[in-house]
Amino acid sequence: QQQVKQSPQSLIVQKGGISIINCAYENTAFDYFPWYQQFPGKGPALLIAIRPDVSEKKEGRFTISFNKSAKQFSLHIMDSQPGDSATYFCAASIVGYKLSFGAGTTVTVRA
Amino acid sequence: GAGVSQSPSNKVTEKGKDVELRCDPISGHTALYWYRQSLGQGLEFLIYFQGNSAPDKSGLPSDRFSAERTGGSVSTLTIQRTQQEDSAVYLCASSLVRQGNTEAFFGQGTRLTVV
């Protein structure tokens, strides 16, 4: 069964806008929540990650918000740029074990 | 090299043939993963190696799929009697498992086409 559910499947945002992608998980033992960015023809690359002991982590224009009680986490892309157009995957794992990925969100930023 | 290397980058094979896909992880990384990505789809977990522990094979879709990791480094994913539904990009990743972090680095993938 899919351990991490991701939405939306795709989104379109204007340049300068905010992109928001949501993920939910079931396994309360998960303790590592990364986001990966994938461009066509390339392997996924780690974008940002969070541990459950913090509620938010920001790196540049990318922010993860984490809600442990709701078992949800989200990625916010501020001031979206055309170069951010890619597929984004959330994931979760117990450190030392396999990563379980969401289904992915294709983000298109219109200039 | 500095990153995860996969070979070949592209492979076209005839239905029924066996194929071997190779992954060279980042030196020193103890964990190695194989995922499959069909066109426009997400990442389907196949198998996970971590150090000397027994591999997690729970994602292998059938007994036609197998993988090994020799000497804790290079891994080979073998698909026997390939079927058209095996066509996908096969991604390998490696990570250095340490407290609080399981950052996985992915290779570019092998695009397998079964005709």
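Each protein sequence line maps, in turn, to chains A and B. Convert by adding 490 to the 1-based position in the first sequence; the result is the number in this note's numbering. Convert by adding 373 to the 1-based position in the second sequence; the result is the number in this note's numbering. In this text, a Cβ means the ideal position worked out from N, Cα and C, and glycines have one as well.
{"Item": "Chain A within 7 Å of residue 470 of chain B, Cβ atoms only", "Value": "yes"}
{"Item": "Minimum Cβ-Cβ distance from residue 476 of chain B to chain A less than 7 Å", "Value": "yes"}
{"Item": "Check whether residue 467 of chain B and residue 420 of chain B have beta carbons under 7 Å apart", "Value": "no"}
{"Item": "Close-in-space but distant-in-sequence residues of the same chain around residue 545 of chain A (CB under 6 Å, 5 per side omitted)", "Value": "556"}
{"Item": "For residue 464 of chain B and residue 410 of chain B, believed in contact at Cβ under 8 Å, the rounded distance", "Value": "6 Å"}
{"Item": "Interface partners of residue 464 of chain B on chain A, CB under 7 Å", "Value": "533"}
{"Item": "Contact belief for residue 583 of chain A with residue 522 of chain A at Cβ below 8 Å, rounded distance in angstroms", "Value": "5 Å"}
{"Item": "Sufficient close CB pairs (3 or more, under 8 Å) joining the segment 517-534 of chain A to the segment 573-592 of chain A", "Value": "yes"}
{"Item": "Cα-Cα separation, residue 565 of chain A to residue 407 of chain B", "Value": "25 Å"}
{"Item": "Neighbourhood of residue 394 of chain B by C-beta distance below 6 Å, restricted to the same chain and skipping five residues each side", "Value": "450, 463 and 483"}
{"Item": "Backbone CA spacing between residue 569 of chain A and residue 509 of chain A [nearest angstrom]", "Value": "8 Å"}
{"Item": "Residue 453 of chain B (DSSP reduced to helix, strand or coil)", "Value": "coil"}
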